[in-house]
Amino acid sequence: MRPPTDGPGAAALGARRGAPRTTRPTGPDPLAPLLDLPGVRDAADAARTAVDRLLGHKVLRRESAGVSSESALRGARASASLEGVDVPLAQVRSGDVSEPTLQGALRVSVALGSMVETWDRAPGQVLARMHVLAAADLVAPADLGRPAAHAGARLGGVFSLVTGATSAPAVLIAAVVHGELAAVEPFVAGSGVVARAAGRLTGIARGLDPKAVSVPEVGFAELGADAYAAALAGYRSGTAEGVAGWLAHCARATELGAVEGLAICESLLRG
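Quick note on numbering: UniProt numbering labels position 43 of the sequence shown as 43, and the sequence is numbered without any gaps.
Written out as structure tokens, the structure is:
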């Protein structure tokens with residue numbers, strides 16, 4: 001499969017033009033208490049600051065599409081690496097990719113921009129599409145886009161989070177969406193790639209990174225697969241400490257992903 005040539009940034013920006021979506025709930029806000037968990041507020045603030053620094057880079061005034069494309073490629077590679085498929089970036093960029101997990105991650109990355117407008121209106125439809133792209137060469141056609149029965153109730157909760165209003169920072173909404181999908185593993189194969197893509201898509205759609213130029217997947221890969229698994233196990237436990245650890249881990253990965261985005265900007269600046 002050829003690497004992405006058109007990242008999600010342009011479509012994401014087009015989808016979010018116009019009046020901003022209302023984000024403050026009219027009733028109880030289930031995510032608001034997350035900010036009071038130990039270390040979470042500071043981690044979320046640091047992530048937001050890092051992404052804002054990236055969005056202010058001068059290269060993005062003229063090269064945001066190029067940065068977004070490179071971000072999509074690096075993000076797909078990093079997401080696959082967390083599944084145990086570690087292919088050198090140069091090889092991915094050359095198009096010499098035959099491994100099905102990495103191929104699926106690349107397909108999802110390329111398509112994210114087209115999903116932004118639909119995500120907060122029909123998340124179930126988008127999630128099914130993600131799985132078709134991610135797992136096309138991993139599962140039988142009958143299993144593509146079809147969550148397992150055990151995931152039904154919890155997926156309903158995820159969809160409510162995606163479509164609902166909240167005052168919580170976008171980085172935390174993305175972390176919860178990512179964590180829920182990774183924890184419940186709704187699909188026979190490909191759930192990890194889909195969960196990370198859904199987290200990234202949430203950050204784009206909620207305005208954390210509307211240009212899709214940061215690379216949170218690289219942040220997770222830099223923190224390491226063992227740390228990722230441990231943080232996810234903490235989230236699965238449902239304890240305050242475990243949930244706080246996962247949210248802080250995701251925020252730190254987002255912060256590192258913004259640094260990766262800056263590196264892409266600087267490389268384009270140097271030509």
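Even glycine gets a Cβ: it sits at the ideal position worked out from N, Cα and C.
As the structure is a prediction and not an experimental result, all values here were calculated from the model.
Exercise. From the DSSP output, in three-state form, read off H57 for me.
Key: Locating residue 57 in the sequence shown gives position 57, counting from the first residue. H57 falls in the coil class under three-state DSSP.
Practice problem: Can you give me the start and stop residues for the alpha helix (DSSP H) that E180 sits inside? | Solution: Stepping through the sequence shown from its first residue, residue 180 is reached at position 180. A170 to V184 is the span of the alpha helix (DSSP H), which, as asked, contains E180.
Practice problem: Could you please give the first and the last residue of the uninterrupted alpha helix (DSSP H) stretch that includes V218? | Solution: By one-based count along the sequence shown, residue 218 stands at place 218. Run containing V218: P216 to L223, per the alpha helix (DSSP H) assignment.
Self-check item: Buried versus exposed, by CB contacts within 10 Å (16 or more), P216
Solution: For the purposes of this step, residue 216 is taken as residue 216 along the sequence shown, with counting starting at 1. That one is buried.
Practice problem: Identify which residue in G257, E260 and V176 has its Cα closest to the Cα of L35. | Solution: The count along the sequence shown starts at 1 and reaches residue 35 at position 35. It is V176.
Quiz item: Is the beta carbon of A148 sitting closer than 8 Å to the one on G104?
Solution: Within the sequence shown, numbered from 1, the residue matching residue 148 stands at position 148. Within the sequence shown, numbered from 1, the residue matching residue 104 stands at position 104. No, Cβ-Cβ distance for A148 and G104 is not below 8 Å.
Practice problem: Alpha carbon to alpha carbon, how far is S191 from P33? Give it in angstroms, no decimals. | Solution: To locate residue 33, count along the sequence shown from 1; it is residue 33. To locate residue 191, count along the sequence shown from 1; it is residue 191. Computed Cα separation, rounded: 27 Å.
Quiz item: Closest to P186 by CA distance: which of F220, G145, K211 and P169 is it?
Solution: As a working note, residue 186 is residue 186 in the sequence shown. Per the Cα distances, G145.
Self-check item: Sequence-distant residues of its chain with Cβ nearer than 6 Å to A198 (five each side left out)
Solution: Working through the sequence shown from its first residue, we reach residue 198 at position 198. V177 and L181.
Quiz item: When we look at the beta-carbon of G257 and count the other beta-carbons within 10 Å, is it buried (16 or more) or exposed?
Solution: Indexing the sequence shown from 1 puts residue 257 at position 257. G257 comes out buried.
Quiz item: What are the start and end residues of each continuous alpha helix (DSSP H) run of 4 or more residues lying completely inside the segment 27-56, in chain order?
Solution: 40-55
Quiz item: With A46 and E255 assumed to form a contact (beta carbons below 8 Å), what rounded beta-carbon distance in angstroms separates them?
Solution: Locating residue 46 in the sequence shown gives position 46, counting from the first residue. Locating residue 255 in the sequence shown gives position 255, counting from the first residue. That pair is a contact at about 5 Å.
Quiz prompt | Presumed contact (8 Å Cβ cut-off) between L37 and A231, rounded CB distance | solution = The residue given as residue 37 occupies position 37 in the sequence shown. The residue given as residue 231 occupies position 231 in the sequence shown. Taking the Cβ atoms as the reference, L37 lies roughly 13 Å from A231, outside the contact range of under 8 Å.
Quiz item: Cβ atoms of L138 and T101: under 8 Å apart, would you say?
Solution: As a first step, residue 101 is located in the sequence shown; it is residue number 101 there, counting from the start. As a first step, residue 138 is located in the sequence shown; it is residue number 138 there, counting from the start. Yes, these two residues count as a Cβ contact at 8 Å.
Quiz prompt | Buried or exposed (CB count within 10 angstroms, at least 16 for buried), S267 | solution = Within the sequence shown, residue 267 is the residue found at index 267, counting from 1. Answer is exposed; the Cβ neighbour count stays below 16.
Quiz item: Taking the Cβ atom as the reference point for each residue, do L31 and A168 lie within a distance shorter than 8 Å?
Solution: Numbered from 1 along the sequence shown, position 31 holds the residue referred to as residue 31. Numbered from 1 along the sequence shown, position 168 holds the residue referred to as residue 168. In contact: L31 and A168 (Cβ atoms closer than 8 Å).
Quiz item: So, M130 versus V87, is the Cβ gap smaller than 8 Å?
Solution: Here residue 130 refers to the residue found at position 130 of the sequence shown. Here residue 87 refers to the residue found at position 87 of the sequence shown. Their beta carbons are not under 8 Å apart, which means M130 does not touch V87 by this criterion.
Quiz item: Could you give the distance in angstroms between the alpha-carbon of A142 and the alpha-carbon of L133?
Solution: As a position in the sequence shown, residue 142 is number 142, starting the count at 1. As a position in the sequence shown, residue 133 is number 133, starting the count at 1. Going from the Cα of A142 to the Cα of L133 covers about 14 Å.
Quiz prompt | Reduced DSSP secondary structure (H/G/I, E/B, other) of T166 | solution = Position 166 of the sequence shown, counted from the first residue, corresponds to residue 166. Note: T166 maps to coil in three-state DSSP.
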